[in-house]
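Take a look at the structure set out below.
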Amino acid sequence: MSKRLDRWLQAKKQGEKQVLVTAYDYTFAQLADQAGIDGVLVGDSLGMVVQGHAHTLGVRLEQICYHTEMVARALQNALLFADLPLGSYEESPEQCWRSATALLRAGAEVIKWEGGLEFLEHLRFCAARGLNVCVHLGLTPQRLRQWGRFQRQGVDAKDASRLESEALTLAEAGARFLLLEAVPAALAERITRQSPIPVIGIGAGPHTDAQVLVLHDVLGLSDPPPPFAQSFVDGKGLLGTALRDYAHAVRAGTFPQGRQTP
Ligand code: KIV
15 MSKRLDRWLQ
25 AKKQGEKQVL
35 VTAYDYTFAQ
45 LADQAGIDGV
55 LVGDSLGMVV
65 QGHAHTLGVR
75 LEQICYHTEM
85 VARALQNALL
95 FADLPLGSYE
105 ESPEQCWRSA
115 TALLRAGAEV
125 IKWEGGLEFL
135 EHLRFCAARG
145 LNVCVHLGLT
155 PQRLRQWGRF
165 QRQGVDAKDA
175 SRLESEALTL
185 AEAGARFLLL
195 EAVPAALAER
205 ITRQSPIPVI
215 GIGAGPHTDA
225 QVLVLHDVLG
235 LSDPPPPFAQ
245 SFVDGKGLLG
255 TALRDYAHAV
265 RAGTFPQGRQ
275 TP
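Counted the way our numbering counts, the sequence shown spans residues 15 to 276.
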């Protein structure tokens, strides 16, 4: 087991919160790493925040590989997670393994996919071959076409107890991480308390072992950010001002100045 992975498992035992953020390129991955973020996820959210689509459904495996390679070059300490996009893993355990190994070759250390018990055989097959798997449960954006809209999961008692037993079965079957998206805080707390593996939350309340956010939400670059996210800086305002100042300086003839010319 890698030192970085072991740090996450020790943190769970010691009750220390871990922090994960998405990143898609070298510069921002390096910023996250140097800021002491514990894990970086190359998420298929890149379909929205990098490619400009309204959803993640069109993201292709080779695109995640491309971004994973950039991010891998930047990380010194953070654990590198990467997403299997829609269509790259569902067919069979073998397809899942092939796609996962493409991401490993690109530098990923943990492979995340959306879905639970329907991929139990995929999980067993991949875990038996040493793959570190993060299972994404609750709201899984790749199901958008099935659901018609994004909706919170595990809200009624029956669905909550299904999710709870699913999470624990997946942990027993060899998953290394669980990621819970948009589920009630009380449910996420119950799962986290019972789970032997780290539970990462997004829109799942404060009790999970770790939190993840999309980088563009953290930096105030999303329009609008989801209700459960928080911006920690007004990135749009700040960067917009810098770009306007640059344009103004060129137009006013104050940039470039003589001393800036080689
Ligand atoms: O694709 C992604 O960025 C994700 C996170 C929102 C968890 O799956």
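Each residue gets a CB set at the ideal place from its N, CA and C atoms; glycine is no exception.
Since this is a predicted model, take the numbers as computed values, not measurements.
For residue 211, there is no enclosing beta strand (DSSP E), since its DSSP letter is neither H nor E. In terms of Cβ geometry, residue 196 and residue 217 form a close pair [threshold 7 Å]. The beta carbons of residue 79 and residue 116 sit closer together than 7 Å. Scanning the region 146 to 199 for uninterrupted beta strand (DSSP E) segments of 3 residues or longer gives 147 to 152 and 191 to 195, listed from N- to C-terminal end.
Burial is judged here by how many other beta carbons sit within 10 angstroms of a residue's own beta carbon; residue 161 has fewer than 16 and is exposed. Taking 6 Å as the cut-off, one finds no heavy atom of the ligand KIV near enough to the beta carbon of residue 231.
Membership of residue 32 in the beta strand (DSSP E) is indicated by the continuous run 32 to 36.
Unbroken beta strand (DSSP E) runs of no fewer than 3 residues, entirely contained in the region 76 to 154, are found at 93 to 97, 124 to 128 and 147 to 152, following chain order.
Around the C-beta of residue 156, 16 or more other C-beta atoms lie within 10 Å, and the residue is accordingly described as buried. For residue 224, no alpha helix (DSSP H) run applies; the uninterrupted beta strand (DSSP E) run containing it begins and ends at 224 to 227, by DSSP.
In this structure, 213 is the residue among 240, 229 and 213 with its C-alpha nearest to the C-alpha of residue 25. By the neighbour-count definition (other C-beta atoms within 10 Å, threshold 16), residue 241 is an exposed residue.
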